[in-house]
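K.L.:
In my numbering, the protein residues as written are 476 to 943.
Following this line, the structure appears as structure tokens:
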């Protein structure tokens, strides 16, 4: 623990932590090495999770779910995929979260154990949704000498994550506050709400494989025991401060303007859905073509190649020049409302599907600070027709810059009805997963091989355990 303390003390860069040190110096007697270590570990963990999510949602999720289209360097768009460690890098945070759990046990601060369980459940399900079987039960135990952890099946990962979230709900009901919390400002009640909302995401994914309807009904019939998101303010969102390094990976402070200004175009998939619903959010996300002869948005098919970015609608440059516009999305309130709408429409729970659908739409417009047309829910996106398609399409729109979850939903439901990209190299199939990192294939080869066998092969078309 002393090693962690010294490393983080010397390298951590956030201004909030500088202020924290000033406060610590005023009253040193109130701080122990364990408390200080958590104060430094937790902000760094949250920042790394948020940064990884923002980057992966942009460079992978938004592309494969066809919310954006790269007009050059489009290997992701055309499914020309090789070994990928995009999500594997989160294992560093698992070790840190194990440390926080141990600190919580030693200092009798159960609230830190609860928070660690929520974040571990989030990370493990994200990683499993990306790869399939992953190390979980032996993950992050390098200090204990486990250098080649075994892989757990996806069923085991989801069972474990569900249990972590159950335990977190019970631990966090006891109250208290925590330090170093950039997600909820130390409010444990919000972490509890996140735990139960995330658990509903977990349960809806595995419903195709296991009847977990009784668990879902238990959560939704007892809001005092299982509180969930009720507003956008409850959502699990990392808000970059815009100060120092605490800015999004795509802000001006960290370069990459070329990717936004000249590579990231509006996809025909996005344009078609935006036109279908006459949706003004498209103007929040994309600029109209620089060529003044275009008065409307112009899109390109996913996978297509072009150098003529001035005649295409490109990603809004505010995402680059405003250091706080992009947010680190773990889970939004709108996602939860669409989950409830789907569950209700399928008859799993006795809830008003229309109300939850409309709540989800409103929440997304509010999140993106975009005015919703008065007739949006009564005409253009009214709750009529094929309700499950409607829910899926509106959820997909609300998932902008959270494209990884949009991809997961497509794998689970087949909705929206995406078409494989132009010129793809995958036999006209949209991939289901990432290929394990190269280092696993060499350093942890025996366990890697067992996981590959579980999948039926380490290739991008091997399906998720919960996949439709």
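We put the CB at the ideal spot given by N, CA and C, even for glycine.
How far does the beta strand (DSSP E) with residue 740 in it reach, from first residue to last?
P.N.:
Segment 739 to 741, the beta strand (DSSP E) holding residue 740.
K.L.:
Does the separation of the CB atoms of residue 887 and residue 683 fall below 8 Å?
P.N.:
Cβ distance < 8 Å, so residue 887 and residue 683 count as in contact.
K.L.:
Hey, would you say residue 723 sits closer than 8 Å to residue 804, going by beta carbons?
P.N.:
No; because the gap between Cβ atoms is not below 8 Å, this pair is not in contact.
K.L.:
Looking only at C-alpha atoms, which of 936, 939, 527, 925 sits nearest to residue 713?
P.N.:
Considering only alpha carbons, the answer is 527.
K.L.:
Which same chain residues, not among the five before or five after residue 740, have their C-beta less than 6 Å away from its C-beta?
P.N.:
These residues qualify, in order along the chain: 544, 546, 775, 787, 789.
K.L.:
In angstroms with no decimal places, state the Cα-to-Cα distance between residue 607 and residue 806.
P.N.:
Approximately 21 Å between the Cα atoms of the pair.
K.L.:
For the 8 Å Cβ check, are there 3 or more pairs between the segment 607 to 616 and the segment 643 to 658?
P.N.:
No, they do not touch.
K.L.:
If you check the beta carbons only, do residue 640 and residue 692 fall under 8 Å apart?
P.N.:
No, the Cβ-Cβ distance between residue 640 and residue 692 is not below 8 Å.
K.L.:
Using a Cβ-Cβ cut-off of 6 Å (strictly less than) and excluding sequence neighbours within five positions of residue 891, which residues of its own chain qualify?
P.N.:
The answer, listed in chain order, is 867, 868, 871.
K.L.:
For residue 708, count neighbouring C-beta atoms within 10 Å of its own C-beta (all shown protein chains included) and say buried if the count is 16 or more, exposed if not.
P.N.:
The residue is exposed, with fewer than 16 neighbouring Cβ atoms inside 10 Å.
K.L.:
Just the C-alpha distance for residue 595 and residue 772, rounded to the nearest angstrom, thanks.
P.N.:
Answer to the nearest angstrom: the Cα atoms are 41 Å apart.
K.L.:
DSSP puts residue 761 in a beta bridge; with which residues?
P.N.:
Its beta-bridge partners are 790.
K.L.:
For the segment 745 to 763 against the segment 837 to 857, are there 3 or more C-beta pairs whose distance is under 8 Å?
P.N.:
A contact exists between the segment 745 to 763 and the segment 837 to 857.
K.L.:
Considering only residues of the same chain and omitting the five flanking positions on each side of residue 935, which have a CB-CB separation below 8 Å?
P.N.:
Within the same chain, residue 935 has close Cβ partners 554, 556, 901, 906, 907, 908, 909, 910.
K.L.:
Residues in the same chain with beta-carbon distance under 7 Å from residue 764, minus the five sequence neighbours each way, listed in chain order, please.
P.N.:
Only 773, 785, 786, 787, 788 meet the Cβ criterion.
K.L.:
In terms of DSSP beta bridges, what is residue 614 paired with?
P.N.:
BP columns for residue 614 are empty, so no partner.
K.L.:
Residues in the same chain with beta-carbon distance under 6 Å from residue 460, minus the five sequence neighbours each way, listed in chain order, please.
P.N.:
In the structure displayed, the chain extends from 476 to 943; residue 460 sits before or after that span and is not available.
K.L.:
By alpha-carbon positions, which one of 746, 716, 542, 737 ends up nearest to residue 781?
P.N.:
Comparing Cα-Cα distances from residue 781 to each of 746, 716, 542, 737, the minimum goes to 737.
K.L.:
State the Cα-Cα distance for the pair residue 927 and residue 933, rounded to the nearest angstrom.
P.N.:
About 5 Å.
K.L.:
From residue 798 to residue 516, what distance separates their C-alpha atoms?
P.N.:
If you take the alpha carbons of residue 798 and residue 516, they lie about 23 Å apart.
K.L.:
Relative to the alpha-carbon of residue 536, which residue among 903, 584, 604 has its alpha-carbon at the smallest distance?
P.N.:
It is 604 whose Cα lies nearest to the Cα of residue 536.
K.L.:
If you run the structure through DSSP and keep just helix, strand and coil, what is residue 498?
P.N.:
Confidence is the limiting factor: at residue 498 the pLDDT is only 36, short of 50, which leaves the residue's position unreliable, though a coordinate-based value still follows. In this structure, residue 498 counts as helix in the three-state DSSP scheme.
K.L.:
Flag this pair as yes or no: are the beta carbons of residue 541 and residue 744 separated by less than 8 Å?
P.N.:
Against a cut-off of 8 Å, the Cβ pair of residue 744 and residue 541 comes out as a contact.
K.L.:
By alpha-carbon positions, which one of 747, 615, 728, 601 ends up nearest to residue 716?
P.N.:
Residue 728 is the option with its Cα nearest to residue 716.
K.L.:
Could you compute how far the alpha carbon of residue 586 sits from the alpha carbon of residue 777?
P.N.:
One C-alpha to the other measures close to 45 Å.
K.L.:
Tell me the rounded alpha-carbon separation between residue 836 and residue 631.
P.N.:
Each residue's alpha carbon lies about 34 Å from the other.
K.L.:
Is residue 544 helix, strand or coil when you go by DSSP?
P.N.:
Here residue 544 sits in strand by DSSP.
K.L.:
How about residue 720 and residue 694: are their beta carbons less than 8 Å apart?
P.N.:
Result no, Cβ atoms of residue 720 and residue 694 do not sit closer than 8 Å.
K.L.:
Can you tell me the Cα-Cα spacing of residue 579 and residue 588, whole angstroms?
P.N.:
About 6 Å.
K.L.:
Just to confirm my understanding: we take residue 500, look at its own chain, exclude 5 residues before and 5 after, and list those with CB closer than 7 Å. What are they?
P.N.:
For residue 500, the predicted model reports a pLDDT of 34, less than 50, meaning its position is unreliable; a value from the coordinates is still stated below. Cβ within range, chain order: n/a, list empty.
K.L.:
Near residue 843, which residues of its chain fall below 6 Å by C-beta distance, leaving aside the five closest residues on each side in sequence?
P.N.:
For residue 843, where only same-chain residues beyond five positions count, the Cβ hits under 6 Å are 756, 759.
K.L.:
What are the partner residues of residue 803, as DSSP defines its beta bridges?
P.N.:
Bridge partners of residue 803: 713.
K.L.:
Check whether the Cβ atoms of residue 814 and residue 914 sit closer than 8 Å, and answer yes or no.
P.N.:
No, the Cβ-Cβ distance between residue 814 and residue 914 is not below 8 Å.
K.L.:
Can you check DSSP and say which residues form a bridge with residue 910?
P.N.:
Answer by DSSP bridge pairing, in chain order: 558.
K.L.:
Excluding sequence positions up to five away, which residues of its chain have a Cβ less than 7 Å from the Cβ of residue 575?
P.N.:
Within the same chain, residue 575 has close Cβ partners 513, 516, 517, 587, 591.
K.L.:
Spell out whether any CB of chain B is found under 8 Å from the CB atom of residue 615.
P.N.:
In the structure shown, chain B cannot be found, because there is only a single protein chain.
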